[in-house]
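For the protein sequence lines, the chains are A and B, in the order given.
Following the working numbering, the numbering of the first sequence begins with 1 at its first residue and continues without gaps.
Following the working numbering, the numbering of the second sequence begins with 459 at its first residue and continues without gaps.
Every residue gets a Cβ at the ideal spot worked out from N, C-alpha and C, and that includes glycine.
As the structure is a computational prediction, the values presented were derived from the model and not from experiment.
Here is the structure we will look at, set down as structure tokens.
2 protein chains.
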Amino acid sequence: MATERLVIVGGDAAGMSAASQARRLKGPEELEIVAFERGHFSSFSACGIPYWVGGDVPERDRLIARTPEEHRERSIGLRMRTEVTEIDVAGSRVRSRDLESGEVAWTGYDKLVIATGARPVRPPLPGIDAPGVHGVQNLDDGQQLLDTLAGTEGRRAVVVGAGYIGVEMAEAMLKRGFEVTVLNRGEQPMITLDPDMGRLVHTAMDNMGITTVNEAEVTKVLTGEDGRVRAVATEDREYPADVVILGMGVRPETTLAEAAGLPLGAYGGLLTDLAMRVRGHDNIWSGGDCVEVLDLVSGRERHVPLGTHANKHGQIIGSNVGGGYGTFPGIVGTAVSKVCELEIARTGLREKDAAEVGLQYVTATIESTSRAGYYPDTAPMTVKILAERRTGRLLGTQIVGREGAGKRVDIAAVALTAGMTVEQMTALDLGYAPPFSPVWDPVLVAARKAVAAVRKAG
Amino acid sequence: MATERLVIVGGDAAGMSAASQARRLKGPEELEIVAFERGHFSSFSACGIPYWVGGDVPERDRLIARTPEEHRERSIGLRMRTEVTEIDVAGSRVRSRDLESGEVAWTGYDKLVIATGARPVRPPLPGIDAPGVHGVQNLDDGQQLLDTLAGTEGRRAVVVGAGYIGVEMAEAMLKRGFEVTVLNRGEQPMITLDPDMGRLVHTAMDNMGITTVNEAEVTKVLTGEDGRVRAVATEDREYPADVVILGMGVRPETTLAEAAGLPLGAYGGLLTDLAMRVRGHDNIWSGGDCVEVLDLVSGRERHVPLGTHANKHGQIIGSNVGGGYGTFPGIVGTAVSKVCELEIARTGLREKDAAEVGLQYVTATIESTSRAGYYPDTAPMTVKILAERRTGRLLGTQIVGREGAGKRVDIAAVALTAGMTVEQMTALDLGYAPPFSPVWDPVLVAARKAVAAVRKAG
């Protein structure tokens, strides 16, 4: 039997999961695997960077799931610091450049996996490349930030952006003893929540000592005489800063794919079929932060860069490439995060998402507690549910609370996947005992209120 | 309009939830509500008693959700310390006895709710009524136990039974500084788990300093010269005890219902329809610990005494009695508990349950962690999944772990309700961030392993 060659572009979660799964199914005599990674690290947890910077994770290497050597021991030909610069679809080959030696080479493939991930949004503002301004996209970024912190006596940090990365980095900098200001373009922090729920996050961050400035559009980064950052400017104010962290979101890194003429969606991500094969291409797969995924609730493609999806994609691609079978049916938009003790979770559609796709909806918001009211350390939590008008179908759930709040979103995530109505949810048999829940779980209380709202709306 | 009379037998969760909900829908001019409670307390949390005894809950009254006075303020005629001694179905009336005055009276009803709860198993062993032997069924029991503890210098506690109440009381007594021995009839503690998962609980309890003796059938309680308990005897040993706590499970309290000729199931619980109406009786409803409920996974009626079901039943009964509409579709058998730091959860069928109803199944057991492996305080957890052979339909899930483990069972509870296969579960979009979960949630890891087991079994 002839040996096939699988080429993988990108050596992080999706790419290397695909490699590992393909290798489980096919040995090196059947399938040669060559993977290109332009960075210094493979298979690392980008989601863990805020906790490394904040000191919860003591050292960088804890964030590395599998080193290049470990991949190579499993007969995966991982070439580090080697950037793919062109995909030649017609010729079934990729051109790569060794970033150390400068050597350029073409490598042919029978099967190709594009796992190029995402790139951080970094608008071309004056001063944005000044020393002291940091992204937190990869381990090199994290190390550079830590080096800056070690060399800085100043204690003022400005975080630009109030999404997941922004609030997680706000926590990290607070833990490191900085005065933290978060500059947020939106109406409230956590644009992935509705503004009423985002407001709860804002208030909680205030109480932690994190200053959040809403509707603050950064216009430039100001530098001192030493060339280092000294402040961040918006239209009407300057915010002094000894260090600036950019958490302005990410976009699919599809420069190569676009140049190769592969199909991209409205958010710039690659479009795939259910088997994660790039649409219209029998021998090219793609997964992770560079693809768009089907949102099962709205029926639209979205860009949802999350490690958990990337790992699933990789596993599915690896199965398909290795002669097995797997599909990725889509997402419901579940995400969970925290700022210090505050837990923030969401799944499904926000109000604006529902409106955008023509769904009429009702909302119900309740306050309850994570444990029985009489149990020690019981903590308040707010649950908001969106349900479709008339049908009562669950459309989305948002939770803001303390310990025990965040992962409750999984209840709603499964209910969304199953297409349950809020009426059906009220009958769910959820785990109850005083240390774990009030006798009516907060999600059930919200579902009951949503049932009433559906009935009332008619 | 003539005023109807609703009579409720039993003033705890199911009965008083029914009363409250009926009152919300109908005012006193339309519906008179008379409720009889033989005990000293209404609407209390029996589930909270172990935490009160253990000291987590500082005082008894925290466990009372609503006092008799509060019920009366809402025009619910609650008669405390008044026992219903007969239900005359043909005459639509109940006979009651005031336990203080001895007065006996008949009260007619248009609608009747039977919410008589459960009674603890208390085998007629020699010495079982000796001072120092305690049940923990209600607040009086709890107070008597606390009085005994206050008057005892001995530090040896024997807990008879290793179900939820048994292990929770073991924790409570450990917290109070006792040497705790748990005498367990079964092969392993937590008979609601499969033995392999129960073994994990056993080991963890050992490590906490709680001695569990399995396959220990208590034969008698031994008393000292003062008449107080001094030891508990099994066939082959004596276990010295300064205090003994009985946690041997409960049975439906259906003495009155049985005498009235109402239909009982295999476990002695009342049988109802989906609207919680006693089968064959248009004007009698029943809910809470005295009924059997439909297990949606096995299709059989079971007795599942849990406050969360009782509250749902009461709410549904109150809706139906008050002219609204509600049904209780059934349960999937979810339960969660803890012993000190150990969290124990289960939903669906155990291996023996599946076998009993003719289901062939595969199992998959995995070890994972509650958070990302690199995140502080990540804790190990074991997840076991049962899936039907061939179809791969989820049949049950059991979890033993530390913080963050227990409530993950809700994911499986919703998936069971939705009739998902383990293959479908592998695609669930669950909340991921390093403080909350590994990139593959432990439930997903177990589902993946179960998929492989289903495929292998053929």
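Inset, instruction - Enumerate in chain order the residues of its own chain whose CB-to-CB distance from Glu83 (chain A) is below 8 Å, with the five nearest sequence positions on each side excluded. - result: Taking the first residue of the first sequence as 1, we reach residue 83 (chain A) at position 83. Spatial neighbours of Glu83 (chain A) in its own chain (CB-CB distance under 8 Å, excluding positions within 5 residues in sequence) are listed in chain order as Phe36, Arg38, Ser96, Arg97 and Leu99.
Inset, instruction - Return the first residue and the last residue of the beta strand (DSSP E) that Lys770 (chain B) is part of. - result: Looking up residue 770 (chain B) in the second sequence gives position 312. Run containing Lys770 (chain B): none in the beta strand (DSSP E); it sits in the alpha helix (DSSP H), Gly765 to Val779.
Inset, instruction - Per DSSP, which residues does Pro380 (chain A) bridge with? Please list them. - result: In the first sequence, the residue the question calls residue 380 (chain A) occupies position 380. Paired residues: A:Thr369.
Inset, instruction - Run through the stretch 699-744 of chain B for me and flag every whole alpha helix (DSSP H) of 4 or more residues, listed as ranges in chain order. - result: Segments of the alpha helix (DSSP H) lying fully in the stretch 699-744 of chain B: 713-717.
Legend entry - Strand pairing of Glu225 (chain A), partner residues [DSSP]: Translated into the one-based positions of the first sequence, residue 225 (chain A) becomes position 225. Under DSSP, no beta-bridge partner is assigned to Glu225 (chain A).
Inset, instruction - Could you tell me which chain A residues have their CB closer than 9 Å to the CB of Cys505 (chain B), listed as they occur along the chain? - result: In the second sequence, residue 505 (chain B) corresponds to position 47, counting from 1. Per Cβ cutoff of 9 Å: Ala372, Tyr432, Ala433, Pro434 and Val439.
Inset, instruction - With DSSP as the reference, label Ala364 (chain A) as helix, strand or coil. - result: In the first sequence, the residue the question calls residue 364 (chain A) occupies position 364. Residue state, collapsed to three classes: strand.
Inset, instruction - Step through the CB atoms of chain A and report whether any lies within less than 7 Å of the CB of Asn769 (chain B). - result: In the second sequence, counting from the first residue as 1, residue 769 (chain B) sits at position 311. At a cut-off of 7 Å, the C-beta of Asn769 (chain B) has a neighbouring C-beta in chain A.
Inset, instruction - Let me know the secondary structure DSSP gives Trp106 (chain A) once reduced to three states. - result: On the first sequence, residue 106 (chain A) is found 106 positions in, with the first residue counted as 1. Of the three classes helix, strand and coil, the one that applies to Trp106 (chain A) here is strand, per DSSP.
Inset, instruction - List the whole-angstrom C-beta distance separating Ala364 (chain A) from Pro438 (chain A), where the pair is believed to meet the contact cut-off of C-beta under 8 Å. - result: Numbered from its first residue, the first sequence carries residue 364 (chain A) at position 364. Numbered from its first residue, the first sequence carries residue 438 (chain A) at position 438. Taking a contact as a CB-CB distance under 8 Å, the pair Ala364 (chain A) and Pro438 (chain A) does not count as one, their CB atoms being some 17 Å apart.
Inset, instruction - Could you tell me which chain B residues have their CB closer than 7 Å to the CB of Leu428 (chain A), listed as they occur along the chain? - result: On the first sequence, position 428 is the one that residue 428 (chain A) refers to. Per Cβ cutoff of 7 Å: Ala871, Val872 and Thr875.
Inset, instruction - For Asn207 (chain A), count neighbouring C-beta atoms within 10 Å of its own C-beta (all shown protein chains included) and say buried if the count is 16 or more, exposed if not. - result: Within the first sequence, residue 207 (chain A) is the residue found at index 207, counting from 1. Under a 10 Å Cβ-count criterion, Asn207 (chain A) is classified as exposed, with fewer than 16 other Cβ atoms of the shown protein chains found around its own Cβ.
Inset, instruction - Mind checking who Leu489 (chain B) pairs with in its DSSP beta bridge? - result: Position 31 of the second sequence holds residue 489 (chain B). For Leu489 (chain B), the pairing in a beta bridge is given by DSSP as B:Glu462.
Inset, instruction - Assign Ile507 (chain B) to one of three DSSP states: helix, strand, or coil. - result: As a first step, residue 507 (chain B) is located in the second sequence; it is residue number 49 there, counting from the start. The answer is helix: DSSP assigns Ile507 (chain B) an H, G or I state.
Legend entry - Element boundaries [alpha helix (DSSP H), containing Thr792 (chain B)]: Taking the second sequence and counting its residues from 1, one reaches residue 792 (chain B) at position 334. Run containing Thr792 (chain B): none; DSSP gives neither H nor E here.
Inset, instruction - Check the Cβ of Phe502 (chain B) against every Cβ in chain A and list those closer than 8 Å, keeping chain order. - result: Start at 1 with the first residue of the second sequence, and residue 502 (chain B) comes out as number 44. Within chain A, no residue comes near Phe502 (chain B); the closest Cβ sits about 10 Å away, beyond 8 Å.
Legend entry - chain B contact residues for Thr382 (chain A), given Cβ-Cβ distances below 8 Å: Residue numbering aside, residue 382 (chain A) sits at position 382 when the first sequence is read from its first letter. Residues of chain B passing the Cβ test: none, with the nearest at roughly 16 Å.
Legend entry - Under 7 Å by beta carbon: chain B residues contacting Pro442 (chain A): Residue mapping note: residue 442 (chain A) aligns to position 442 of the first sequence, counting from 1. The contacting residues do not exist; Pro442 (chain A) stays about 11 Å from chain B at best.
Inset, instruction - Please compile the residues from chain A whose C-beta is within a distance smaller than 7 Å of the C-beta of Ile789 (chain B). - result: Looking up residue 789 (chain B) in the second sequence gives position 331. Among the residues of chain A, those whose CB is under 7 Å from the CB of Ile789 (chain B) are Asp429, following chain order.
Legend entry - Pair within 7 Å by beta-carbon distance, Gly318 (chain A) and Ala13 (chain A): Counting from one through the first sequence, the residue named residue 318 (chain A) turns up at place 318. Counting from one through the first sequence, the residue named residue 13 (chain A) turns up at place 13. Cβ distance not < 7 Å, so Gly318 (chain A) and Ala13 (chain A) don't count as in contact.
Inset, instruction - Could you pull out every residue in the same chain whose Cβ sits closer than 6 Å to the Cβ of Arg643 (chain B), ignoring the five residues on either side in sequence? - result: Within the second sequence, residue 643 (chain B) is the residue found at index 185, counting from 1. Cβ neighbours of Arg643 (chain B) within its own chain (closer than 6 Å, five residues either side excluded): Glu675.
Inset, instruction - Note down, in chain order, all residues in the stretch 848-870 of chain B with a beta-carbon under 8 Å from any beta-carbon belonging to chain A. - result: Listed by position along the chain: Gly862, Gly864, Lys865, Arg866, Val867, Asp868 and Ile869.
Inset, instruction - Take Trp52 (chain A) and list the residues in its own chain whose beta-carbon comes closer than 7 Å to its own, dropping the five residues that flank it on each side. - result: Translated into positions along the first sequence, residue 52 (chain A) becomes position 52. Excluding positions up to five away in sequence, the list reads Arg60, Leu63 and Gly142.
Inset, instruction - To the nearest angstrom, report how far apart Leu570 (chain B) and Ile789 (chain B) are at their CA atoms. - result: In the second sequence, residue 570 (chain B) corresponds to position 112, counting from 1. In the second sequence, residue 789 (chain B) corresponds to position 331, counting from 1. So the alpha carbons of these two residues sit roughly 24 Å apart.
Inset, instruction - Give a yes or no on whether 7 Å exceeds the smallest Cβ distance from Thr730 (chain B) to chain A. - result: Residue mapping note: residue 730 (chain B) aligns to position 272 of the second sequence, counting from 1. Chain A has no Cβ within less than 7 Å of the Cβ of Thr730 (chain B).
Legend entry - Members of the stretch 47-74 of chain A near chain B, C-beta cut-off 7 Å: Per Cβ criterion, the list reads Cys47, Gly48, Tyr51, Asp56, Val57, Arg62 and Leu63.
Inset, instruction - Tell me, please, whether the stretch 562-576 of chain B touches the stretch 742-752 of chain B by the rule of three or more beta-carbon pairs shorter than 8 Å. - result: In the pairwise beta carbon analysis, the stretch 562-576 of chain B is classified as touching the stretch 742-752 of chain B: at least three pairs are separated by under 8 Å.
Inset, instruction - Return the CA-CA distance between Lys810 (chain B) and Thr650 (chain B), expressed in angstroms with no decimal places. - result: Here residue 810 (chain B) corresponds to residue number 352 of the second sequence, with the count starting at 1. Here residue 650 (chain B) corresponds to residue number 192 of the second sequence, with the count starting at 1. Taking the straight line joining both Cα atoms gives about 10 Å.
Legend entry - the stretch 794-813 of chain B / the stretch 447-455 of chain A touching (three or more Cβ pairs under 8 Å): With fewer than three CB-CB distances shorter than 8 Å, the stretch 794-813 of chain B does not count as touching the stretch 447-455 of chain A.
Legend entry - Inter-stretch contact (C-beta, 8 Å, three-pair minimum) for the stretch 602-616 of chain B and the stretch 629-640 of chain B: Because the criterion of three Cβ pairs below 8 Å is met, the stretch 602-616 of chain B and the stretch 629-640 of chain B touch.
Inset, instruction - Tell me, to the nearest whole angstrom, how far the beta carbon of Met190 (chain A) is from that of Ala162 (chain A); I am working on the premise that it is less than 8 Å. - result: Stepping through the first sequence from its first residue, residue 190 (chain A) is reached at position 190. Stepping through the first sequence from its first residue, residue 162 (chain A) is reached at position 162. With a contact defined as Cβ atoms closer than 8 Å, Met190 (chain A) and Ala162 (chain A) qualify at about 6 Å.
Inset, instruction - Determine, using beta carbons only, whether Val659 (chain B) and Ile857 (chain B) come nearer to each other than 7 Å. - result: Against the second sequence, residue 659 (chain B) aligns to sequence position 201. Against the second sequence, residue 857 (chain B) aligns to sequence position 399. Their beta carbons are not under 7 Å apart, which means Val659 (chain B) does not touch Ile857 (chain B) by this criterion.
Inset, instruction - State the start and end residues of the unbroken alpha helix (DSSP H) segment that holds Ile411 (chain A). - result: Counting from 1 along the first sequence, the entry for residue 411 (chain A) is found at position 411. Run containing Ile411 (chain A): Val409 to Thr417, per the alpha helix (DSSP H) assignment.
Inset, instruction - For the alpha helix (DSSP H) holding Val160 (chain A), just list the boundary residues, first then last. - result: By one-based count along the first sequence, residue 160 (chain A) stands at place 160. Not the alpha helix (DSSP H): Val160 (chain A) falls in the beta strand (DSSP E), residues Arg156 to Val160.
Inset, instruction - Count the CB pairs spanning the stretch 768-785 of chain B and the stretch 601-611 of chain B that are closer than 8 Å, and state whether there are at least three. - result: Segments in contact, no.
Inset, instruction - Using a Cβ cut-off of 9 Å, pull out every chain A residue sitting near Phe786 (chain B), in sequence order please. - result: Numbered from its first residue, the second sequence carries residue 786 (chain B) at position 328. Those are Ala427, listed as they occur along chain A.
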